[in-house]
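Residue numbers (UniProt numbering): 1 to 598.
Everything below concerns the one structure shown next.
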Amino acid sequence: MPAKDSDDSTDQLIKQIDSYLHDKHRRYAIALEGAWGSGKTRFLEKKVAPHLKNENIDLVRISMFGVSSADDLYERIAMALIHLSDRSKKAQSAIGTIGSNLGRLAREIVARAGFPLNISVSMQSAVCLMLQKKHFLVFDDVERRSKEGDDLALFGAANDLVEGMGAKVLFVTNTLSSDEADSTREFDRNVREKLVWKIYRFKPSPTTLAKDILTVGNRPVDDVDVSDAIIAGAEASGCVNARAMIRAEHLVHKLCDLEALRDKAVAPQNRFDALRDAVNFALLTCMGEAPSRPERETSAAWPSPEALEYERNVELYGRYTDYPEIDKAFNPSGHLAKDALEQGFRSYIDRRYPNNADTLEIMKIADKLRYVYSFDDEEVDPLAKRFYEVAPKADFSIACLRDALAVYFSLSDLGYDCPFTLSEFAEFCKRAVAVNPENALERLSGPEFLLDERQENRELVSELQQCAQKQLRERASKLLPVSMEHELTGKDLASRLEEAAKWDVLALLEADPKLIVATFCGGRAEDQESLRIFFVHLGRTSLGTGKASAAIAEWVSEIKHELEESRVMTRTGNMRKRWFLDNLGELSSRLADRETAS
Numbered sequence: 001m002p003a004k005d006s007d008d009s010t011d012q013l014i015k016q017i018d019s020y021l022h023d024k025h026r027r028y029a030i031a032l033e034g035a036w037g038s039g040k041t042r043f044l045e046k047k048v049a050p051h052l053k054n055e056n057i058d059l060v061r062i063s064m065f066g067v068s069s070a071d072d073l074y075e076r077i078a079m080a081l082i083h084l085s086d087r088s089k090k091a092q093s094a095i096g097t098i099g100s101n102l103g104r105l106a107r108e109i110v111a112r113a114g115f116p117l118n119i120s121v122s123m124q125s126a127v128c129l130m131l132q133k134k135h136f137l138v139f140d141d142v143e144r145r146s147k148e149g150d151d152l153a154l155f156g157a158a159n160d161l162v163e164g165m166g167a168k169v170l171f172v173t174n175t176l177s178s179d180e181a182d183s184t185r186e187f188d189r190n191v192r193e194k195l196v197w198k199i200y201r202f203k204p205s206p207t208t209l210a211k212d213i214l215t216v217g218n219r220p221v222d223d224v225d226v227s228d229a230i231i232a233g234a235e236a237s238g239c240v241n242a243r244a245m246i247r248a249e250h251l252v253h254k255l256c257d258l259e260a261l262r263d264k265a266v267a268p269q270n271r272f273d274a275l276r277d278a279v280n281f282a283l284l285t286c287m288g289e290a291p292s293r294p295e296r297e298t299s300a301a302w303p304s305p306e307a308l309e310y311e312r313n314v315e316l317y318g319r320y321t322d323y324p325e326i327d328k329a330f331n332p333s334g335h336l337a338k339d340a341l342e343q344g345f346r347s348y349i350d351r352r353y354p355n356n357a358d359t360l361e362i363m364k365i366a367d368k369l370r371y372v373y374s375f376d377d378e379e380v381d382p383l384a385k386r387f388y389e390v391a392p393k394a395d396f397s398i399a400c401l402r403d404a405l406a407v408y409f410s411l412s413d414l415g416y417d418c419p420f421t422l423s424e425f426a427e428f429c430k431r432a433v434a435v436n437p438e439n440a441l442e443r444l445s446g447p448e449f450l451l452d453e454r455q456e457n458r459e460l461v462s463e464l465q466q467c468a469q470k471q472l473r474e475r476a477s478k479l480l481p482v483s484m485e486h487e488l489t490g491k492d493l494a495s496r497l498e499e500a501a502k503w504d505v506l507a508l509l510e511a512d513p514k515l516i517v518a519t520f521c522g523g524r525a526e527d528q529e530s531l532r533i534f535f536v537h538l539g540r541t542s543l544g545t546g547k548a549s550a551a552i553a554e555w556v557s558e559i560k561h562e563l564e565e566s567r568v569m570t571r572t573g574n575m576r577k578r579w580f581l582d583n584l585g586e587l588s589s590r591l592a593d594r595e596t597a598s
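In structure tokens, the structure reads:
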């Protein structure tokens, strides 16, 4: 019989099983077919079995894993029936007829039941005597039976159960592709053609599985609907694999227990969205579909569906890499501490969901425009109008900078007349960059921006990177015009030197060599070591070439000269002074070599 084309919910499927069990006039079997890992067995044990129990029907699950003969099958059935038996008089009477010719395994089964043996009969007869109308036989793992099994004998046993004994039988199988269906083994073909009248497809939605597996037992949050966020994450992942959800279950519970999810300093919508994303990432990882760096086909010109799909994959990859703790949580090599998960969640919110209305507005517009190929003009027009109102205020955060660029260029490609020029738009973006140039530079150097191949976009990103670098250089230059009056410790001064060098190595020239040496000579051991170690690390970084390298070389030579002329009053201090002089000498030599090479 052909499979029934229906998208029944699990409740509807239970009703169909009920209808089959109450059909007293016809003898046939039914089948439940679904993808591997979709949760067929779980559905039967967690949903169907309790429902049938209320109607005084026992679901008897028999795994066909490794079964090779009719005797194997009857033994599995007998074992399952004994486990379910309430040791009624009828059960005792039936088991008491099982004789000494049942074989070693059958003897063990009867011995476990605790009843005496008297008459020698086959295991098939024993099953016939034990089987009652209240038993619903479910044969699971059908495709995992022995490859060397006697399919004809197995079919004969199944046929005898259905047509001979009148048993109600359900076969549980994985979904077959058309190629697999053509090469189905004899047992499967015979069962489908001669015994099974109805095949029901088990295809639960992500929402159904998430409700059953992930939303149970989580710690509640006052102003965030945790269950809705989990379901939204499941829908985003498209996960219909119960095994993947079960694997992700522990991490989802840990996410729901985070204090960051209860931080009311962060907007509830932002916390909801971050939890939704984390659940999405966890499920994708457990499905073996963790986002990876996308590759763009050169023929995919914007705004083709392929190009838009590429845009979505870039966005997803960027978000996934912003919360690396999700991937680490499933790494078999180590354990992820809750503190790391907590910090990662807060960091993800800071990067992706800042508390800013205009930021959220631009993100929503960008999200909708990713599906612009399925929109009409009247659906895009209000999005364009709203973006052109929000962007000039420049009140959006760096977290949505790529979205802002994507919307601007998408609308431009569609032919919309923008009320401001590209240069003006660049100034709006620079104001967002100026709020947090360090975060901006890190983000602008990430895959989301680097993977965009539009020339105008690349040029604007480069301009914004230069803006962030300029802001950071200005910040660095303000760190070092210090004098002896500041009374900095060696650790404090080393920290300032390190921060300045990170953004502009030439800012180091603002630090007076005499101040550095005086701080070293008057400092304690840890202060002297902090300064010395800074210069050791400085020698391992890129200090440029040409005039920049020459200026740094001269500055280092002055420090070395001042240190040679200075006095340290302690023996251990003099030891560290000798080390420091050696380090400065090595740094000077390295800089001289670079200058010669250039």
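Here a beta-carbon is modelled for each residue, glycine too, at the ideal position from N, C-alpha and C.
{"Item": "7 Å CB neighbourhood of glutamate 143 in its chain, flanking five on each side removed", "Value": "Thr173 and Asn174"}
{"Item": "Whether alanine 553 touches leucine 591 by CB criterion (8 Å)", "Value": "yes"}
{"Item": "Inter-residue spacing [alpha-carbon to alpha-carbon] between lysine 328 and lysine 547", "Value": "45 Å"}
{"Item": "Euclidean distance between Cα positions of arginine 578 and alanine 468", "Value": "40 Å"}
{"Item": "Proximity to asparagine 159 [Cα-Cα], best of Asp23, Gln132, Thr421 and Arg192", "Value": "Arg192"}
{"Item": "Per-residue burial, arginine 458 [other beta carbons within 10 Å of its own, 16 or more giving buried]", "Value": "exposed"}
{"Item": "Cα-Cα separation, alanine 70 to glutamate 448", "Value": "60 Å"}
{"Item": "Secondary structure of aspartate 18, DSSP reduced to three states", "Value": "helix"}
{"Item": "Of the listed residues Ser374, Ile62 and Pro382, nearest to aspartate 362 (C-alpha basis)", "Value": "This sequence places isoleucine at residue 362; aspartate is not what is there. Isoleucine 362 has its Cα closest to that of Pro382, out of Ser374, Ile62 and Pro382."}
{"Item": "Continuous alpha helix (DSSP H) stretch holding phenylalanine 281: start and end", "Value": "268 to 286"}
{"Item": "Segment contact, 8 Å Cβ cut-off, at least three pairs: the stretch 304 to 311 with the stretch 256 to 267", "Value": "no"}
{"Item": "Best match in Gly573, Leu283 and Arg293 for proximity to arginine 524 [C-alpha to C-alpha]", "Value": "Gly573"}
{"Item": "Stretch pair the stretch 276 to 287 + the stretch 403 to 419: three plus CB contacts closer than 8 Å", "Value": "no"}
{"Item": "Delimiting residues of the beta strand (DSSP E) encompassing asparagine 174", "Value": "168 to 174"}
{"Item": "The stretch 202 to 215 / the stretch 239 to 251 touching (three or more Cβ pairs under 8 Å)", "Value": "yes"}
{"Item": "7 Å CB neighbourhood of histidine 51 in its chain, flanking five on each side removed", "Value": "Ile14"}
{"Item": "For aspartate 188, the nearest candidate out of His22, Ala31, Arg386 and Glu562 (CA to CA)", "Value": "Ala31"}
{"Item": "Counterpart residues of glutamate 33 in DSSP-defined beta bridges", "Value": "Thr173 and Arg201"}
{"Item": "Cutoff 7 Å; reference aspartate 403; Cβ partners in own chain excluding five residues on either side", "Value": "Ile362, Met363 and Ala366"}
{"Item": "Alpha-carbon to alpha-carbon, phenylalanine 387 and glutamate 379", "Value": "14 Å"}
{"Item": "Alpha helix (DSSP H) segment containing valine 60, residue limits", "Value": "Run containing valine 60: none in the alpha helix (DSSP H); it sits in the beta strand (DSSP E), 58 to 63."}
{"Item": "Outcome for tryptophan 36 when other beta-carbon atoms lying within 10 angstroms are tallied against a minimum of 16", "Value": "exposed"}
{"Item": "Cβ-Cβ distance between leucine 479 and threonine 519 below 8 Å", "Value": "no"}
{"Item": "Residue interval of the beta strand (DSSP E) (run including histidine 250)", "Value": "It is not in any beta strand (DSSP E) - histidine 250 instead sits in the alpha helix (DSSP H) that spans 242 to 256."}
{"Item": "Pair within 8 Å by beta-carbon distance, alanine 78 and methionine 130", "Value": "yes"}
{"Item": "Buried or exposed by the 16-neighbour rule on C-beta atoms within 10 Å, applied to threonine 541", "Value": "exposed"}
{"Item": "Beta-carbon separation (whole angstroms), alanine 394 vs arginine 431, contact threshold 8 Å", "Value": "4 Å"}
{"Item": "Nearest to leucine 261 (by Cα), restricted to the options Pro220, Ile246, Glu289 and Asp72", "Value": "Pro220"}
{"Item": "Test item: CB-CB of valine 224 and arginine 271 under 8 Å", "Value": "yes"}
{"Item": "Backbone CA spacing between phenylalanine 409 and lysine 470 [nearest angstrom]", "Value": "25 Å"}
{"Item": "Distance, glycine 164 Cα to valine 67 Cα", "Value": "21 Å"}
{"Item": "For phenylalanine 202 and aspartate 72, the rounded distance between their alpha carbons", "Value": "28 Å"}
{"Item": "Local conformation of histidine 537 per DSSP, three classes", "Value": "helix"}
{"Item": "Closest residue to proline 392 among Asp377, Ile398 and Phe428 (Cα-Cα distance)", "Value": "Phe428"}
{"Item": "Exposure of leucine 422, with buried meaning 16 or more beta-carbon neighbours within 10 Å", "Value": "exposed"}
{"Item": "Own chain partners of valine 407 with C-beta closer than 7 Å, once the 5 adjacent residues on each side are dropped", "Value": "Ile362, Ile365, Ala366, Leu369 and Phe387"}
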